Each structure stands twice: as C-alpha cells, then as structure tokens.
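A.B. asks: This structure is in structure tokens; I'll ask about it shortly.
There are 2 protein chains.
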Amino acid sequence: MSTLANAPYHHGNLRQALLEAALIILDREGEAGLGLRDLARAVGVSAAAPYRHFDSRAALLEALAVTGFQRFAATMEAVAATNPVDPMSAMGKTYVFFALENANLFRLMFSPQLKKEGRPGLKMAADAAFETLRHIVGGDIRAGRIKALAAWAKVHGLAILLLDGQIAVRAGEDTEALIAEIIGSL
Amino acid sequence: MSTLANAPYHHGNLRQALLEAALIILDREGEAGLGLRDLARAVGVSAAAPYRHFDSRAALLEALAVTGFQRFAATMEAVAATNPVDPMSAMGKTYVFFALENANLFRLMFSPQLKKEGRPGLKMAADAAFETLRHIVGGDIRAGRIKALAAWAKVHGLAILLLDGQIAVRAGEDTEALIAEIIGSL
DNA sequence: ACCTGAACACCGTTCAAGT
DNA sequence: ACCTGAACACCGTTCAAGT
Numbered sequence: 003m004s005t006l007a008n009a010p011y012h013h014g015n016l017r018q019a020l021l022e023a024a025l026i027i028l029d030r031e032g033e034a035g036l037g038l039r040d041l042a043r044a045v046g047v048s049a050a051a052p053y054r055h056f057d058s059r060a061a062l063l064e065a066l067a068v069t070g071f072q073r074f075a076a077t078m079e080a081v082a083a084t085n086p087v088d089p090m091s092a093m094g095k096t097y098v099f100f101a102l103e104n105a106n107l108f109r110l111m112f113s114p115q116l117k118k119e120g121r122p123g124l125k126m127a128a129d130a131a132f133e134t135l136r137h138i139v140g141g142d143i144r145a146g147r148i149k150a151l152a153a154w155a156k157v158h159g160l161a162i163l164l165l166d167g168q169i170a171v172r173a174g175e176d177t178e179a180l181i182a183e184i185i186g187s188l
Numbered sequence: 003m004s005t006l007a008n009a010p011y012h013h014g015n016l017r018q019a020l021l022e023a024a025l026i027i028l029d030r031e032g033e034a035g036l037g038l039r040d041l042a043r044a045v046g047v048s049a050a051a052p053y054r055h056f057d058s059r060a061a062l063l064e065a066l067a068v069t070g071f072q073r074f075a076a077t078m079e080a081v082a083a084t085n086p087v088d089p090m091s092a093m094g095k096t097y098v099f100f101a102l103e104n105a106n107l108f109r110l111m112f113s114p115q116l117k118k119e120g121r122p123g124l125k126m127a128a129d130a131a132f133e134t135l136r137h138i139v140g141g142d143i144r145a146g147r148i149k150a151l152a153a154w155a156k157v158h159g160l161a162i163l164l165l166d167g168q169i170a171v172r173a174g175e176d177t178e179a180l181i182a183e184i185i186g187s188l
C-alpha cells in the first residue's frame, strides 16, 4: 500500500493501471463509454500519456479483448478439468455464464468494429481460445463439424439474446435453470 | 426525375432523403461510420438541418432500426405465406439470410447501445416483429416455450457467428448449404 | 524513458438569424 | 416551417517541450 492513492502511476506501471481502470469502466459503461481522455483522467494522467503505451484507442480495446479471450479459455479449461458427466452441456452452460458475468467484455471480444481494425493480436487470442475449445471437445466427443457448429451457434445465440435482454426471464424464474433447459443435452 | 440532382432536398422531404442516404451509408460503413455531419453533407444540407427531423443521432438510428424490424417481419411473413413443408426450418434459414443480406442493419436492430437509450419506438417495432414470428410459429407447431427459445438461440447465434466471420466457410463450400445443414430440422 | 501542454481536425448539439 | 452559420463542449491524436 503506497502512501498516496495516485502516486504509483506517475512513474510506475501506467500501462497496467490503464488496463485495470479500463476494464472497470468497460464493465460499467460499455465500449462506447470508454473514452481515452476519461480513462486518462480516471488514472490521474494527461490526455496524451496513454499514447506512450497504446498506439490508439483501438489498440487499448484490443488489449482488453485479448485478456477477455484468455480468461474465457481459462474458464472453459477449468470446467473441462472437473470431468463433468456431460462435457458439452457443462461447457455450454459455462460459455453462457461467462457471457452474462462479463457482459461488456464479451461483447467487446466479438465486436465487429474491433475485428474490422484487423489487429493481429485479437485474431490470435480468439483463435487460441477456440483451439482450446476444439481440443477439449475433440478429445471427448467425435461430434463432427456440423454438430459442433450447431452447438456453438445455439450456445452463442443464447448468450447474446440473454445479454441483450431479448429473452424475457419471467418473474420468479431461475435464469440458471432456464439456460440449462434450453441447452438441454448438446 | 427532377432537373437538378440535389434540388429536391432543399425544400422537399428532407426526412426521407436523410433516411435513404443513412441506410446506404449504414450498409457500407456500419453504424460507427454513420455520422450526422457526414450524412448532412451527403444529402447536401447544413450540419444542423437534420435536427429539424430527428432529435439526435440516436433518434435517426432508431428510425433505421425500426424499418429494419419491419422489413424483417415482412420477409418472415412472406416465407410463411408460401406454406413450406418444414415451416420452422424455412423460417430459420430466412432469418439467417436476412441477417447476412442486411448485415449492418441487422446489427443495428440488435444494438445494445441503441437499446440502452430506451427509445420506445425501437422496442415497439421489435416486439411487433417477434409477435409476428410467434404468431406464424404458434399456429403451426405447438413447440413449447423452451423449444422455441432453443430454436431462436440456434438461428440467431448462427446469424451472428456468420456475420462476424467466426464460422469459417471453407473454400468451394456453399454458404447456403452449410446453413441448411446446421439448422437441420428445427 | 516517460509524461505534459498546447494544438489540430474533427464530432454531436444548440441557437440566433435568415428565407 | 424549414434551413444556415456560427458557436460550444467535447473527442482522438500529434508533437514539441519538459523532467
């Protein structure tokens, strides 16, 4: 614990401080609410300072999305490691829970705008995460490509629709139970 | 056909002209590329002029999304009217095709940012469109809520993943056939 | 090596003023 | 009634200058 709350940033690891603050702002406000100037203000630094560590706003967003894919892959591996009876369904539920618990980060990970920027780090992180998924699933079930894609579509769609509030969860209804029912057995 | 290409706007239906130009820009550039000032320039009018017809940029986007939901509902009704042998699958395919053919409009229709604005017109248009869907499906198959939600999730997820280029369509592979395979029989 | 201050070229939005 | 011109409070980004 340092003596002054904002002292460490001025000469310490500004990059890390920016990423941590950005993750919090992203979580609360969404991507559109995450301005570079706001971020600099939040961290107590000049508007130009972030440019020492990130080429552009897109580069900062990319870094966030990359950590998102890493967390995502780690979460999926953790479930697989528990050797669930129905691995596909367990992973499907985890996929949806991850999306709900990291709503704005999940959206950023799949943001078409960011993808259009063509940043290589994002594609690499996404590919690595899905490679991990394929590895886990492939070792267990020889589902075939079509079945795998169908399962992915179902799970991803459920995540997005819940995230966007399109699927109305009824009063007194358990979201977790609803997800389990919809996923059924993949 | 008027004598001068940009003459009608100066005293005609600017609102309509803005919407038409906006739809084209949205289609090409995506929501982020659709600036009010750009739009005004494209239509040959001052930067302040659009405010006579739309409260804000969000109001303009809402109007676009609303026409998107209307087109969507009309498209779905058109398929249902052909009395396909497997109505659910036929509608599922149409849902995905609509998303692919109207990529940026579809994204705008489900934009969380726009939804967060809480504009009532958007919710009404979306509700009306899904009510139409429910009506078509409900009359045909008494699927039950869970099955209906599962089908929706699968179709919506497939649309989003294809739109975002996450599902790799292989060289020489027919996208249409791949969609049909993944949807299978709903 | 890392950060600041001031500037540049933009935004969305408002408002008095024009026709 | 509808549109313009000029302004306001912002952005992201750059760059010389400071330490």
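Protein sequences, first through last, are from chains A and B.
Residues 3 to 188 in the working numbering are what the first sequence spells out, letter by letter.
Residues 3 to 188 in the working numbering are what the second sequence spells out, letter by letter.
Glycine residues also receive a C-beta, built at the ideal position from the N, C-alpha and C atoms.
Every value quoted in this text rests on a predicted model; they were computed, and no experiment measured them.
Identify, in the order they occur along the chain, each residue of the same chain with its Cβ nearer than 8 angstroms to the Cβ of V261/A, setting aside the five sequence neighbours on each side.
C.D. replies: This structure does not reach residue 261/A, given that chain A is present from 3 up to 188, and the question cannot be answered.
A.B. asks: Using the rule of at least 16 other Cβ atoms within 10 Å of the residue's Cβ for burial, across every protein chain shown, is M189/B buried or exposed?
C.D. replies: Here chain B comprises residues numbered 3 to 188, so residue 189/B is not present and cannot be evaluated.
A.B. asks: Measuring alpha carbon to alpha carbon, tell me which of R59/B, P89/B, A50/B ends up nearest A24/B.
C.D. replies: Within the second sequence, residue 24/B is the residue found at index 22, counting from 1. For the residues R59/B, P89/B, A50/B, the minimum Cα distance to A24/B belongs to R59/B.
A.B. asks: Do we get a CB-CB distance below 7 angstroms when we pair R59/A with the residues of chain B?
C.D. replies: As a first step, residue 59/A is located in the first sequence; it is residue number 57 there, counting from the start. Closer than 7 angstroms: no.
A.B. asks: Just to confirm, are T96/B and V81/B a CB contact at a threshold of 7 angstroms?
C.D. replies: As a first step, residue 96/B must be located in the second sequence, where it is residue number 94. As a first step, residue 81/B must be located in the second sequence, where it is residue number 79. Against a cut-off of 7 angstroms, the Cβ pair of V81/B and T96/B comes out as a contact.
A.B. asks: When DSSP labels each residue in this structure, what does F56/A get in the three-state scheme?
C.D. replies: Within the first sequence, the letter at position 54 stands for residue 56/A. It is coil, neither helix nor strand.
A.B. asks: What residues in its chain sit with their C-beta under 7 angstroms from that of A150/A, if we drop five residues either side in the sequence?
C.D. replies: Counting from 1 along the first sequence, the entry for residue 150/A is found at position 148. Excluding positions up to five away in sequence, the list reads V139.
A.B. asks: Taking Cβ-Cβ distances shorter than 9 angstroms, what residues in chain B pair up with P114/A?
C.D. replies: Numbered from 1 along the first sequence, position 112 holds the residue referred to as residue 114/A. In chain order: G32, A105, N106, R109, L165, D166, G167.
A.B. asks: Please classify G35/B: does DSSP put it in a helix, a strand, or coil?
C.D. replies: By one-based count along the second sequence, residue 35/B stands at place 33. Residue state, collapsed to three classes: helix.
A.B. asks: How many angstroms separate the CA atom of G46/B from the CA atom of P52/B?
C.D. replies: Your numbering for residue 46/B matches position 44 in the second sequence. Your numbering for residue 52/B matches position 50 in the second sequence. Cα to Cα, G46/B sits roughly 11 angstroms from P52/B.
A.B. asks: So with CB distances below 8 angstroms, who are the chain B contacts of G94/A?
C.D. replies: Along the first sequence, read from residue 1 onward, the residue named residue 94/A stands at position 92. By Cβ distance, chain B contributes nothing, its closest Cβ being about 11 angstroms from G94/A, past 8 angstroms.
A.B. asks: By how many angstroms is the C-alpha of P89/A removed from the C-alpha of A128/A?
C.D. replies: Position 126 of the first sequence, counted from the start, is the residue given in the question as residue 128/A. Position 87 of the first sequence, counted from the start, is the residue given in the question as residue 89/A. Their Cα atoms are separated by approximately 21 angstroms.
A.B. asks: Can you round the beta-carbon distance between L188/A and A153/A to whole angstroms, since I take them to be within the 8 angstroms contact cut?
C.D. replies: As a working note, residue 188/A is residue 186 in the first sequence. As a working note, residue 153/A is residue 151 in the first sequence. L188/A to A153/A, Cβ: 5 angstroms. Contact.
A.B. asks: Buried or exposed: where does E64/B fall if 16 or more other Cβ atoms within 10 Å of its Cβ makes it buried?
C.D. replies: Here residue 64/B refers to the residue found at position 62 when the second sequence is read from its first residue. Counting Cβ neighbours within 10 Å, E64/B comes out buried, since at least 16 surround it.
A.B. asks: Taking Cβ positions, are L110/A and E33/A nearer each other than 7 angstroms?
C.D. replies: The count along the first sequence starts at 1 and reaches residue 110/A at position 108. The count along the first sequence starts at 1 and reaches residue 33/A at position 31. Result yes, Cβ atoms of L110/A and E33/A sit closer than 7 angstroms.
A.B. asks: Can you name the start and end residues of the alpha helix (DSSP H) that A51/A belongs to?
C.D. replies: As a working mapping, residue 51/A is identified with position 49 in the first sequence. Taken as a continuous stretch (DSSP letters only), A51/A belongs to no alpha helix (DSSP H), as it is neither H nor E.
A.B. asks: Under DSSP, the alpha helix (DSSP H) around G167/A begins and ends at which residues?
C.D. replies: Along the first sequence, one-based indexing puts residue 167/A at 165. Run containing G167/A: none; DSSP gives neither H nor E here.
A.B. asks: Can you give me the C-alpha to C-alpha distance between R43/B and L20/B, rounded to a whole angstrom?
C.D. replies: Position 41 of the second sequence, counted from the first residue, corresponds to residue 43/B. Position 18 of the second sequence, counted from the first residue, corresponds to residue 20/B. Approximately 10 angstroms, taken between the alpha carbons.
A.B. asks: Thinking D29/A and L124/A are a contact (beta carbons under 8 angstroms), I'd like their distance in whole angstroms, please.
C.D. replies: Here residue 29/A refers to the residue found at position 27 when the first sequence is read from its first residue. Here residue 124/A refers to the residue found at position 122 when the first sequence is read from its first residue. Contact doesn't hold; Cβ gap of about 19 angstroms is too wide.
A.B. asks: Could you work out which residue in R54/B, A50/B, F100/B, P122/B is closest to E79/B when comparing CA atoms only?
C.D. replies: Within the second sequence, the letter at position 77 stands for residue 79/B. Nearest C-alpha to E79/B: F100/B.
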